[in-house]
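Student: One structure, pasted below without further comment.
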Amino acid sequence: MELTRRTFLGATGATGTGALLGFLGLNLRPSEAFAAQAKPQRGTISTTICPYCGVGCGGIVEVRDGTIVNMEGDPDHPINEGALCSKGASLYQLHHNERRNQIVRHRKPGAREWEELSWDQAIKMIAERVKKTREETWVGTDASGQVVNRVDGVACLGGASLDTEECYLLAKAMRAMGLVWIEHQARI
Ligand code: SF4
3 MELTRRTFLG ATGATGTGAL LGFLGLNLRP SEAFAAQAKP QRGTISTTIC PYCGVGCGGI
63 VEVRDGTIVN MEGDPDHPIN EGALCSKGAS LYQLHHNERR NQIVRHRKPG AREWEELSWD
123 QAIKMIAERV KKTREETWVG TDASGQVVNR VDGVACLGGA SLDTEECYLL AKAMRAMGLV
183 WIEHQARI
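Under our numbering, the residue at position 173 of the sequence shown is numbered 175, and the numbers go up by one with no gaps.
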C-alpha cells in the first residue's frame with residue numbers, strides 16, 4: 003500500500019498506535035537476547051554497566067586466571083535485557099586491544115618531540131606534581147571563615163572508558179585528597 007499523508011493519518015486516527023505499527027510493517031514483540039542463551043560459565047562472573055553512554059546497559063564480565071576472558075550483555079538487566087549496541091558489544095576490547103596505546107608519552111613544556119616514559123616514571127612524576135600542587139593550593143577556610151578543606155588547584159577529568167567501578171574508586175580517591183573539580187564523560 004502506498005503511504006500518503008492521508009493514509010498515514012487515517013491509520014493513526016482509526017486504529018491507534020498498535021495498528022499503525024502493523025500498518026508500517028513494524029514488529030515490536032520482545033526479541034530474545036542471544037546473551038540469555040550463551041552465559042559464560044568458565045570463570046568468575048561479575049556484573050557491570052557499560053561506560054560508553056548514559057543509557058547504562060548492564061553487562062556480564064567473566065574473569066579467569068586474573069584476566070577478563072569475556073564480556074557480554076546481561077539478560078537480567080532491566081534496561082537492555084542482554085542486548086548491547088555495536089559500541090557496547092566491543093567492551094571486551096577496553097581490556098584486550100593491541101591497537102590501544104600502551105605506552106606513556108610525555109612532551110615537556112616547549113618541546114616539539116614526545117618522549118616515552120616507563121609507567122614507574124610517569125606515576126612518580128604525577129604523584130610529585132599532585133602533592134606539590136595540592137599543598138600549594140589547599141584551602142582550609144574560605145573568605146567567610148567557613149572550614150572547607152579543599153584543593154582548588156587540581157581537577158580530575160574521567161574518560162568514557164572508565165567503568166562504574168573505576169569511577170567509584172577514582173571519585174573516592176579524588177575526594178579523599180580534597181578535590182572538588184571532578185567530572186566524567188559518560189554521565190551515568
Ligand atoms: S551498550 Fe550502547 S546503548 Fe548501552 S550503554 Fe553502552 S553505548 Fe550506551
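C-beta atoms are modelled at their ideal positions from N, C-alpha and C, and glycine is treated no differently.
1. Out of Val106, Gln123, Ile125 and Asp122, which has the shortest C-alpha to C-alpha gap to Trp116?
2. Here's the rule: buried if 16 or more other CB atoms are within 10 angstroms of the residue's CB, otherwise exposed. What is Gly61?
3. Report the rounded CA-to-CA distance for Pro77 versus Cys59, giving the unit in angstroms.
4. Select from Ser48, Ala124, Pro53 and Ala91 the residue whose C-alpha is nearest the C-alpha of Ile70.
5. Among Gly45, Tyr54 and Arg44, whose alpha-carbon lies nearest the alpha-carbon of Gly160?
6. Kindly confirm or deny that the region 128-140 and the region 158-175 touch, where touching means at least three C-beta pairs closer than 8 Å.
7. Which residue or residues does DSSP assign as beta-bridge partners of Asn72?
8. On a CA-only basis, which of Tyr170, Gln95 and Val156 is nearest Val182? Give me that one, please.
9. Indicate the three-state DSSP secondary structure (helix, strand or coil) for Arg109 in the structure shown.
10. In chain order, what are the residues with a CB under 5 Å from some non-hydrogen atom of the ligand SF4?
11. Quick test of your reading: Met179 and Arg109, contact by CB under 8 Å. State the CB separation rounded to the nearest angstrom.
12. Among Gly90, Ser92, Ala91 and Gly75, which one has its Cα closest to the Cα of Gly84?
13. Less than 7 Å between C-beta atoms, sequence neighbours within five positions excluded: which residues of the same chain meet that for Lys89?
14. Taking the continuous beta strand (DSSP E) assigned at Arg152, which residues delimit it?
15. Mind checking whether Cys52 and Leu93 have CB atoms under 8 Å apart?
16. I'd like the list of long-range same chain contacts for Ala124, defined as Cβ closer than 6 Å, with 5 residues on each side in sequence excluded.
17. Using three-state DSSP, classify Gly142 as helix, strand or coil.
18. Taking Val65 and Thr46 to be in contact with their CB atoms under 8 Å, please state how far apart those CB atoms are, rounded to whole angstroms.
Tutor: In brief:
1. Here residue 116 refers to the residue found at position 114 when the sequence shown is read from its first residue. For Trp116, the nearest C-alpha among the options comes from Val106.
2. If you number the sequence shown from 1, residue 61 lands on position 59. Gly61 should be labelled buried.
3. Counted from its first residue, the sequence shown places residue 77 at position 75. Counted from its first residue, the sequence shown places residue 59 at position 57. Taking the straight line joining both Cα atoms gives about 10 Å.
4. Translated into the one-based positions of the sequence shown, residue 70 becomes position 68. Cα-wise, what sits closest to Ile70 is Ser48.
5. Counted from its first residue, the sequence shown places residue 160 at position 158. Ranking Gly45, Tyr54 and Arg44 by Cα distance to Gly160 puts Tyr54 first.
6. no
7. Working through the sequence shown from its first residue, we reach residue 72 at position 70. In DSSP, Asn72 forms a bridge with Glu64.
8. On the sequence shown, residue 182 is found 180 positions in, with the first residue counted as 1. Ranking the options by Cα distance to Val182, first place goes to Val156.
9. Here residue 109 corresponds to residue number 107 of the sequence shown, with the count starting at 1. Three-state DSSP puts Arg109 in coil, outside helix and strand.
10. Cys52, Tyr54, Cys55, Val57, Cys59, Leu86, Cys87, Lys89 and Gly90
11. For the purposes of this step, residue 179 is identified with residue 177 of the sequence shown, where counting begins at 1. For the purposes of this step, residue 109 is identified with residue 107 of the sequence shown, where counting begins at 1. Met179 to Arg109, Cβ: 26 Å. No contact.
12. The residue you call residue 84 lines up with position 82 of the sequence shown. Nearest C-alpha to Gly84: Gly75.
13. As a first step, residue 89 is located in the sequence shown; it is residue number 87 there, counting from the start. The residues are Tyr54.
14. Here residue 152 corresponds to residue number 150 of the sequence shown, with the count starting at 1. Looking at the DSSP string, the run of the beta strand (DSSP E) that includes Arg152 is Val149 to Gly160.
15. The residue given as residue 52 occupies position 50 in the sequence shown. The residue given as residue 93 occupies position 91 in the sequence shown. In contact: Cys52 and Leu93 (Cβ atoms closer than 8 Å).
16. On the sequence shown, residue 124 is found 122 positions in, with the first residue counted as 1. Counting only Cβ-Cβ distances below 6 Å, and skipping sequence neighbours, we find Val106.
17. Translated into the one-based positions of the sequence shown, residue 142 becomes position 140. DSSP places Gly142 in strand when its eight states are reduced to three.
18. Reading the sequence shown from its first residue, position 63 is the one you call residue 65. Reading the sequence shown from its first residue, position 44 is the one you call residue 46. Val65 to Thr46, Cβ: 5 Å. Contact.
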